[in-house]
Each structure stands twice: as C-alpha cells, then as structure tokens.
Amino acid sequence: MMSRPTPGFTRQASGDCAPESGFLRQIGGNKMSRYRVAVDTGGTFSDFVIQDVQSGRWSIIKVPSTPADPSLAIVSGVRELLQSGIHAGDVCFFSHGTTVATNALLEGKGARVGLLVTEGFSATYLVGHQARGHGEALFDLLFEKPIPLVPPSRTMEVPERVDSAGTVVCPLDLQGAGRAITAVRDAGAEAIAICFLFSFLYPEHERQVRALAEELAPGCYITASADVLPLVREYPRMSTTVVNAYIGPILAKYIRRLGSGLDDVGVTPPQRYIMQSNGGTGTFAHTARQAVSTVLSGPAGGVMAAVELGRTAGLPDLITFDMGGTSCDVALIHGLQPGLTTKGAVAGWDVAVPMLDIHTVSAGGGTIARVDTHGVLRVGPDSAGADPGPASYGLGGREVTVTDCNLSLGFLSSRHLLAGRVRLNPDLAADVIQRNVAAPLGLGLPEAAAGVVRLVEVQMAEAVKAISTRRGYDVRGFTLVAFGGAGPIHAGRVALELGIPQVLVPPAPGCNSALGLLMTDVRHDYVRSRLSPLRTLAPADVAGLFGELLDEAAATLAAEGFTPDQIEMEPALDLRYAGQGYELTVPGLAAPAAADLADLRTRFDSAHRQAFGHAAPEAPVEVVSYRLTAWGRVPRVPLPQLPPAREPVAGAVKERRAVYLLEFGRYVDCPVYDRARLAPGHAFAGPAVVEQLDATTVVYPGQQATVDSTGNLLIRTQGGPVA
Numbered sequence: 072m073m074s075r076p077t078p079g080f081t082r083q084a085s086g087d088c089a090p091e092s093g094f095l096r097q098i099g100g101n102k103m104s105r106y107r108v109a110v111d112t113g114g115t116f117s118d119f120v121i122q123d124v125q126s127g128r129w130s131i132i133k134v135p136s137t138p139a140d141p142s143l144a145i146v147s148g149v150r151e152l153l154q155s156g157i158h159a160g161d162v163c164f165f166s167h168g169t170t171v172a173t174n175a176l177l178e179g180k181g182a183r184v185g186l187l188v189t190e191g192f193s194a195t196y197l198v199g200h201q202a203r204g205h206g207e208a209l210f211d212l213l214f215e216k217p218i219p220l221v222p223p224s225r226t227m228e229v230p231e232r233v234d235s236a237g238t239v240v241c242p243l244d245l246q247g248a249g250r251a252i253t254a255v256r257d258a259g260a261e262a263i264a265i266c267f268l269f270s271f272l273y274p275e276h277e278r279q280v281r282a283l284a285e286e287l288a289p290g291c292y293i294t295a296s297a298d299v300l301p302l303v304r305e306y307p308r309m310s311t312t313v314v315n316a317y318i319g320p321i322l323a324k325y326i327r328r329l330g331s332g333l334d335d336v337g338v339t340p341p342q343r344y345i346m347q348s349n350g351g352t353g354t355f356a357h358t359a360r361q362a363v364s365t366v367l368s369g370p371a372g373g374v375m376a377a378v379e380l381g382r383t384a385g386l387p388d389l390i391t392f393d394m395g396g397t398s399c400d401v402a403l404i405h406g407l408q409p410g411l412t413t414k415g416a417v418a419g420w421d422v423a424v425p426m427l428d429i430h431t432v433s434a435g436g437g438t439i440a441r442v443d444t445h446g447v448l449r450v451g452p453d454s455a456g457a458d459p460g461p462a463s464y465g466l467g468g469r470e471v472t473v474t475d476c477n478l479s480l481g482f483l484s485s486r487h488l489l490a491g492r493v494r495l496n497p498d499l500a501a502d503v504i505q506r507n508v509a510a511p512l513g514l515g516l517p518e519a520a521a522g523v524v525r526l527v528e529v530q531m532a533e534a535v536k537a538i539s540t541r542r543g544y545d546v547r548g549f550t551l552v553a554f555g556g557a558g559p560i561h562a563g564r565v566a567l568e569l570g571i572p573q574v575l576v577p578p579a580p581g582c583n584s585a586l587g588l589l590m591t592d593v594r595h596d597y598v599r600s601r602l603s604p605l606r607t608l609a610p611a612d613v614a615g616l617f618g619e620l621l622d623e624a625a626a627t628l629a630a631e632g633f634t635p636d637q638i639e640m641e642p643a644l645d646l647r648y649a650g651q652g653y654e655l656t657v658p659g660l661a662a663p664a665a666a667d668l669a670d671l672r673t674r675f676d677s678a679h680r681q682a683f684g685h686a687a688p689e690a691p692v693e694v695v696s697y698r699l700t701a702w703g704r705v706p707r708v709p710l711p712q713l714p715p716a717r718e719p720v721a722g723a724v725k726e727r728r729a730v731y732l733l734e735f736g737r738y739v740d741c742p743v744y745d746r747a748r749l750a751p752g753h754a755f756a757g758p759a760v761v762e763q764l765d766a767t768t769v770v771y772p773g774q775q776a777t778v779d780s781t782g783n784l785l786i787r788t789q790g791g792p793v794a
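The numbering of the sequence shown is my numbering, which starts it at 72 and goes up by one.
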C-alpha cells in the first residue's frame with residue numbers, strides 16, 4: 072500500500088492561501104481544477120509531488136518502482152492519491168520524468184530498425200566519425216566500437232541525390248524506395264529511419280519516402296531526419312535519427328499504456344507532459360514522435376529544480392549531485408544557466424539534439440560491490456535496482472550494495488523507514504558484507520563497508536571534476552546541491568574532498584526531480600542549417616529563415632493550448648571561423664538590422680576567446696545553423712517561506728546512535744535530527760545525521776549546518792575534523 076500524503080512533509084508555499092498569479096490561467100484548466108501532479112520514476116522509487124493550486128501547499132509521496140513496466144507504479148500511485156480524497160477531475164496538470172527511453176538505449180532493448188539512405192552511402196552509419204572515441208578510449212588497447220543499432224542487412228539504399236546547394240541532382244525513384252521499404256519490412260524492422268544526403272536543405276525526398284513507408288509498412292514507427300534534426304553533418308544527423316527510431320516504439324508504447332491508465336482513473340487534463348533532455352517538457356504526443364528528446368528525461372527535472380532553488384537562495388553557481396538507486400548524475404549551473412550541449416553521446420551513440428550537459432556514473436544506493444578474481448574491490452557498474460534491491464530490503468538480494476554499507480556504518484537506521492515504507496534489516500546487510508567483501512579481503516565488517524563507500528565517493532568526486540575543474544571552473548565558488556534518496560548522505564564528504572565550500576540540501580531531496588517538473592516550462596527546439604558568410608548575409612535573409620521557424624513554433628504551441636502571452640521565443644545562430652569544423656551558438660535577433668549582425672560578429676569573437684582562449688577578429692566568419700527555442704510558460708510551484716524557529720535546535724534531536732566515520736576510523740556517537748522539526752535559524756555542527764521521509768543527510772566533522780528561510784539545509788565547511 073502507498074502511504075498517504077504526510078502532513079509533516081507538506082510545505083506551505085509563499086503567498087499564504089492566495090494562488091500565484093496565472094495559476095487559474097493554467098493551460099486547459101478552469102477555476103475548479105486545483106491540483107498539479109508530477110511524478111519522477113527512478114530505479115528504486117517513483118516520486119510524486121502534489122501541489123494544491125489554490126493554497127500553494129505541496130506534498131510528497133514515494134512508491135516502489137515497477138521496472139518491468141514503470142507505468143504500473145505511476146497509475147497505482149495515482150489511484151491511491153485519489154483514494155486520499157482528491158477528485159480526478161481536480162487534477163489540472165500532469166508531468167512525468169521517465170527513464171524508459173534511456174534504459175532501452177543503455178540496455179540494448181530497443182526496436183529492430185531499418186535504415187534508408189541515399190544510394191552509395193550505405194556505409195556512412197558503420198563508419199561514423201572514423202575515430203575510436205576520446206578520453207579513456209584513446210588508451211584502451213581493447214577498445215571496440217559499440218554494436219551498431221542497425222546492421223548492414225537492414226540498411227537499404229534509395230536512388231536519389233541532392234547536392235550541397237539543395238539542388239536535386241538525381242530525382243527520387245519511388246519504385247526503388249518502395250523496394251527498399253519492403254526489404255527492411257520483410258527483414259523484421261519494427262521502425263524505419265530515413266536519412267538522405269543534404270535533406271536538411273531539401274526535405275521533400277525524405278517526406279515522400281516517409282509517406283510511402285507509412286503505406287507499405289503499417290505498424291512500423293517511421294522517422295525522417297528532416298523532421299528530427301535538419302542539421303548539417305551527415306553522421307550525427309543519421310545517428311540521432313537512428314536512435315529516435317530505436318527507442319521511439321518503446322517510448323510510444325509506454326506513453327500509450329500510461330495515458331490509458333490515467334484515462335482509466337479519470338486523470339485527463341487537456342495536456343500531459345514528459346520531461347525532455349533540453350530542460351523543458353513536451354506533450355505526450357510530441358515526445359512519442361521525438362523520443363530522442365527524452366534520453367536524459369530522468370535527471371533533467373532535478374537540474375531545473377536546482378536552478379529555482381539557487382535563484383531563491385541567491386546562489387547563482389551550482390553543481391547538482393543527484394544520487395538515486397542506480398546512478399549519480401551531476402551537472403554544472405553557472406549564473407543560474409545550466410550547461411547545454413548539442414554534441415552529446417548516450418551509450419556511445421551521437422545524439423545531436425539539445426540536451427542538458429549531465430554527466431552520469433554508475434554510483435547509486437543499489438550499486439553492487441564485489442571482490443573480483445584478482446582480489447580487488449570493485450563498485451559497480453551494475454545495480455540491484457528495485458527488484459530484488461539491496462540485501463537489507465529482505466527481498467532476496469544477495470549482493471553487497473552501497474545502501475547495505477550505509478546501514479552497517481550507521482548512516483541509515485533500521486528503525487527509520489526508507490522512503491517512509493521500507494524497513495532495512497541490518498543483519499542481512501552485515502551477512503552479505505561479511506561474506507562477499509570483508510572475508511575475501513581479510514577486513515573487519517566496518518572497514519569493508521567503509522571501503523565500499525569510499526570507492527563510490529571517489530567515483531562521484533571524479534564525475535564532479537569532469538564537469539567543473541576539467542573545464543576550467545573553480546569549484547571553490549560553487550555550491551553542491553545534493554538530492555536524490557542517497558545524495559545527501561555522501562555529498563558532504565565529496566564537498567570536503569574537492570574543496571567545495573557549501574552543500575545545499577533541498578527540503579525534499581528525495582523528490583527534488585519530481586518537484587522540478589512543476590518548475591519547468593514546455594520547450595521545443597528548432598534548427599535549420601544554411602551555410603553562408605556572415606559578411607554577405609542580408610538582414611532580410613535572417614529574418615526570412617527565422618520567420619519560418621517562428622511560424623512553426625507558434626503554431627505548435629498554440630495547438631498545445633498556449634496563448635500568445637504565454638509564448639516566448641529565443642533565436643540564436645551557430646557561427647564559426649571559416650575552415651573550422653565546430654561552431655559556437657550565439658544568441659541573436661529574429662529580425663536583425665545591419666548593426667545587429669555586426670554586433671553578432673563581435674559577440675562571437677568574445678565567445679570564442681572565452682571558450683578557447685583566443686579569437687581571430689580579422690578572420691571571416693560563417694553562419695552554419697539557425698536555432699530557435701520556443702517556450703510555453705507554465706506556472707511555477709512557489710518555494711516555501713517558513714517562519715523562524717521558536718525552540719532550540721536540541722528539540723529536533725530524535726535519538727543518538729553510533730556512526731562509523733572514516734575521519735576517525737571508528738564509531739562515533741552522533742545526534743540524529745528530525746528534519747521536520749528543523750526550522751529557519753536552527754544551526755548545529757557535525758558529525759550529525761538528519762532523517763526525513765525521503766532522504767537522510769550526513770553532516771561530517773568540520774561542517775556546520777544551518778536552515779534557511781525556505782527550509783534548505785546549508786552545510787558549510789568550518790575547518791578540519793575534530794575528535
């Protein structure tokens with residue numbers, strides 16, 4: 072059974088009982104609809120945040136995930152929510168962060184894809200970049216490229232050809248296209264990807280073949296590169312289109328099941344949203360077509376929540392630290408702007424759509440530790456997940472996990488229900504640690520558990536370095552935002568190790584990603600590649616191309632229920648010095664004057680100098696692509712403004728218990744605080760533990776914790792550990 076919303080974890084929003092301006096203009100909403108629901112699915116738990124629009128109050132709920140079909144946990148949770156007294160018709164908004172597409176790609180469980188290419192270019196997908204990778208791959212003597220998502224046997228050539236100016240050189244042979252479609256269909260393709268040469272300049276051939284494929288291969292998921300990514304560079308465009316075809320049928324089927332389940336319980340707001348990798352949401356219908364836009368759906372919500380937390384707390388420079396059941400995701404936010412990339416890769420495959428720049432390592436509460444045949448302790452990359460989960464869950468797990476070690480070290484308590492519903496068994500944890508780690512290494516139980524924790528923290532510290540110091544950022548000016556069910560346990564020590572001066576733990580860290588879904592606008596990204604020298608570019612040419620993108624974006628958002636005053640557009644251009652093989656994206660104007668284009672050139676030189684340490688003001692500059700980000704603005708969930716503490720902080724201590732600390736190499740008696748009793752103005756020194764429904768926080772020796780006005784726990788370094 073799912074726990075009901077817990078009053079102790081309901082936060083009063085700012086503005087007392089008055090709804091935020093704009094709430095009653097909720098897309099498709101009405102004055103009777105009053106609840107906004109967001110759910111983020113993790114490897115172990117599915118997290119719900121429910122906001123009452125009229126009062127501004129919000130509550131959190133966690134339910135166990137159902138990995139075989141994540142929609143089951145969501146629909147079950149919604150059913151229980153409705154049984155608590157909320158009427159289905161009162162739900163005016165639903166948003167969801169999902170890992171379905173990501174897992175299908177990572178686990179190699181996508182659809183069988185057929186690929187249609189321009190005649191003579193069947194090897195493009197296999198050749199790729201003609202490179203072995205970068206980073207560690209350069210030194211890996213056993214490096215192998217990932218297995219292609221489309222084998223040569225399902226790659227077919229279509230007679231057609233367009234040149235680099237967008238002129239048709241060889242007309243499309245529809246009969247030849249029909250034979251190619253029939254061949255991939257008969258080879259068992261469940262999805263068909265279409266990617267022709269220079270289709271970003273002349274998309275008609277792809278669209279004719281797409282229409283023919285819909286006729287000849289009914290039931291197949293059809294996707295064309297001109298619709299997914301009309302961008303210069305054939306291989307990244309082809310790889311992105313193939314990924315969309317590979318995961319598209321899986322995500323589309325999942326969305327249909329989820330939508331049907333929500334329909335069955337009566338939760339039918341006019342629009343239901345899925346979190347996208349770009350830091351915005353999209354409708355169910357949009358993301359079913361553009362599945363590739365969701366490959367980072369899971370962690371993206373937490374990053375957007377961190378932006379709002381930083382804005383409220385006056386902290387513009389943040390590093391997010393999201394540790395859940397299966398992984399740890401980190402991202403850098405500078406000046407309240409999260410990093411965005413269009414050159415990402417997932418599972419070794421290029422994905423060139425805009426994505427938040429999130430770095431992921433296999434380091435979660437369920438990550439498995441074992442001693443290998445050489446007697447070396449290794450942590451990850453595999454995870455016990457939710458089924459069977461850590462050994463301490465008592466569900467049949469026989470492997471050592473990070474959660475089992477945290478329990479044995481005293482960070483977690485067997486008396487405190489994990490996520491408000493799971494009681495951990497310390498005897499089961501001790502048994503697997505002793506048998507699988509301590510005995511093989513000749514260590515005592517706490518030393519073995521501490522070794523596992525130390526290894527996983529090193530892995531997470533390396534992930535933080537990858538997106539900060541290795542890119543020229545000084546972490547001493549950043550705040551580490553710790554969330555996820557396990558993040559606040561380990562963030563303090565990672566911060567101490569890296570010299571990050573402060574950790575921020577949100578009021579509901581275990582549900583932070585779900586909360587972010589209520590703080591995220593609908594976003595659509597548009598791009599068109601048109602290469603031309605900047606000096607010869609006429610303002611009318613820029614306005615004409617941007618005009619096409621603006622019209623398309625406005626029509627899409629209007630169809631999704633947004634009014635003109637709820638729509639915002641952000642144009643930008645990809646620029647490069649002539650002869651370069653890479654671009655920088657610089658904000659621009661949709662209808663520029665000549666002076667605006669001159670200013671664009673100056674800003675590009677400055678951006679190049681900042682990114683690479685040098686600029687070439689005399690060198691010619693090329694415009695490569697035109698980009699437009701279209702936003703449909705939705706109301707935010709207000710962060711709470713809590714009254715100051717009325718009692719001493721000692722009143723929040725619920726118990727004391729022994730906690731094993733690496734700083735001392737022994738168990739230390741530590742106070743355990745009840746987070747629900749902590750209020751603004753409270754302060755205490757580490758070592759200490761803070762428990763709440765959805766997470767546990769550890770304040771390490773040498774750190775001081777305070778509570779701010781919105782209920783955030785701020786942990787600052789005060790000096791070295793003291794005995």
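We treat Cβ as the ideally placed atom computed from N, Cα and C, and that holds for glycine.
1. From the DSSP output, which residues share a beta bridge with Lys133?
2. Based on the DSSP output, what are the partners of Cys476 in its beta bridges?
3. Should Arg727 go down as buried or exposed, given a rule of 16 or more other Cβ atoms within 10 Å for buried?
4. What does the alpha-carbon distance come out to for the pair Met394 and Gly337?
5. So what does DSSP say about Met640, is it helix, strand or coil?
6. Would you tell me roughly how many angstroms separate the C-alpha atoms of Met309 and Val198, rounded to the nearest one?
7. Who are the near neighbours of His405 in its chain, counting only those whose CB is closer than 6 Å to its CB and skipping five residues on each side?
8. Going by C-alpha distance, which of Ala520, Glu190 and Leu628 is nearest Asp244?
9. Looking at the unbroken beta strand (DSSP E) that takes in Val229, where does it start and where does it end?
10. So what's His685 in DSSP terms, helix, strand or just coil?
11. Whole angstroms is fine: what's the gap from Glu718's alpha carbon to Leu749's?
12. With Gln279 as the anchor, note down where its alpha helix (DSSP H) starts and where it stops.
13. Would you report the Cα separation of Gly330 and Ser696, rounded to the nearest angstrom?
14. In whole angstroms, give me the CA-to-CA distance for Pro577 and Arg449.
15. Just the C-alpha distance for Phe357 and Pro135, rounded to the nearest angstrom, thanks.
16. Just verifying my parser: in three-state terms, what is the DSSP assignment at Met796?
17. Can you say whether Ser130 is buried or exposed, counting buried as having 16 or more other CB atoms within 10 angstroms of its CB?
18. Using three-state DSSP, classify Met531 as helix, strand or coil.
19. From the DSSP output, in three-state form, read off Arg716 for me.
20. To the nearest whole angstrom, what separates the beta carbons of Ala534 and Cys399, a pair I think is in contact under 8 Å?
21. Could you please give the first and the last residue of the uninterrupted beta strand (DSSP E) stretch that includes Gly587?
22. Gln454 bridges to which residues according to DSSP?
23. Heavy atom of the ligand GDP less than 7 Å from the Cβ of Leu699, yes or no?
24. In the DSSP assignment, find the beta strand (DSSP E) that holds Lys324 and state where it starts and stops.
25. According to the Cβ coordinates, are Gly556 and Ala766 closer than 8 Å?
26. Going straight from the alpha carbon of Thr354 to that of Ile345, what length do you get?
27. Using a Cβ-Cβ cutoff of less than 8 Å, which residues in the same chain neighbour Gly99 once the five nearest sequence positions on both sides are dropped?
28. Quick check on Thr226: buried or exposed, where buried means 16 or more other Cβ atoms within 10 Å of its Cβ?
29. When you compare the CB positions of Glu277 and Pro320, do they come within less than 8 Å of one another, or not?
30. Could you check where the alpha helix (DSSP H) with Ala614 kicks off and where it finishes?
31. By a C-beta neighbour count over all protein chains shown, 10 Å radius and 16 as the cutoff for buried, is Glu470 buried or exposed?
32. Tell me which residue opens and which closes the beta strand (DSSP E) that Asp393 is part of.
33. Are Ser265 and Ala295 closer than 8 Å when you measure CB to CB?
34. Can you tell me whether Lys536 is helix, strand or coil according to DSSP?
35. Let me make sure I understand the geometry here. Which of Glu528, Gln681, Phe549 and Pro580 has the alpha-carbon closest to that of Arg564?
36. In the structure shown, what three-state DSSP assignment does Ser603 receive?
Inspection of the coordinates gives the following:
1. Beta bridge pairing from DSSP links Lys133 with Asp118.
2. Looking at the DSSP assignment, Cys476 forms no beta bridge with any residue, so it has no partner.
3. Classification of Arg727: exposed, given that the 10 Å Cβ count is below 16.
4. If I take the Cα positions, the gap works out to 34 Å.
5. It is a strand residue.
6. 12 Å
7. Asp388
8. Glu190
9. Thr226 to Val229
10. coil
11. Glu718 and Leu749 have their alpha carbons spaced roughly 9 Å apart.
12. Glu275 to Leu287
13. 36 Å
14. 31 Å
15. Phe is not the amino acid found at residue 357; the sequence shown has His there. Distance between the alpha carbons of His357 and Pro135 is about 28 Å.
16. Residue 796 cannot be examined here, being either before or after the span of the chain that is shown, 72 to 794.
17. buried
18. helix
19. Rather than Arg, the amino acid found at residue 716 in this sequence is Ala. Ala716: coil per DSSP, three-state reduction.
20. 6 Å
21. Looking at the DSSP string, Gly587 is not in any beta strand (DSSP E); the run it does join, the alpha helix (DSSP H), is Asn583 to Leu588.
22. The question names Gln, but residue 454 in the sequence shown is Ser. Paired residues: Thr438.
23. Ligands displayed in this structure: none; no statement on the ligand GDP is therefore possible.
24. From DSSP, Lys324 is part of no beta strand (DSSP E) but of the alpha helix (DSSP H) over Glu305 to Asp335.
25. Result yes, Cβ atoms of Gly556 and Ala766 sit closer than 8 Å.
26. 6 Å
27. Caution applies to Gly99, whose pLDDT of 32 falls short of 50 and renders its modelled position unreliable; the model cannot decide the point.
28. buried
29. Taking 8 Å as the Cβ cut-off, Glu277 and Pro320 do not qualify as a contacting pair.
30. Pro610 to Ala630
31. buried
32. Leu389 to Met394
33. The identity of residue 265 in the sequence shown is Ile, whereas the question assumes Ser. Going by C-beta atoms, Ile265 is nearer than 8 Å to Ala295.
34. In the three-state reduction of the DSSP assignment, Lys536 falls in the helix class, which pools H, G and I.
35. Glu528
36. In this structure, DSSP gives Ser603 an extended state, which the three-state scheme calls strand.
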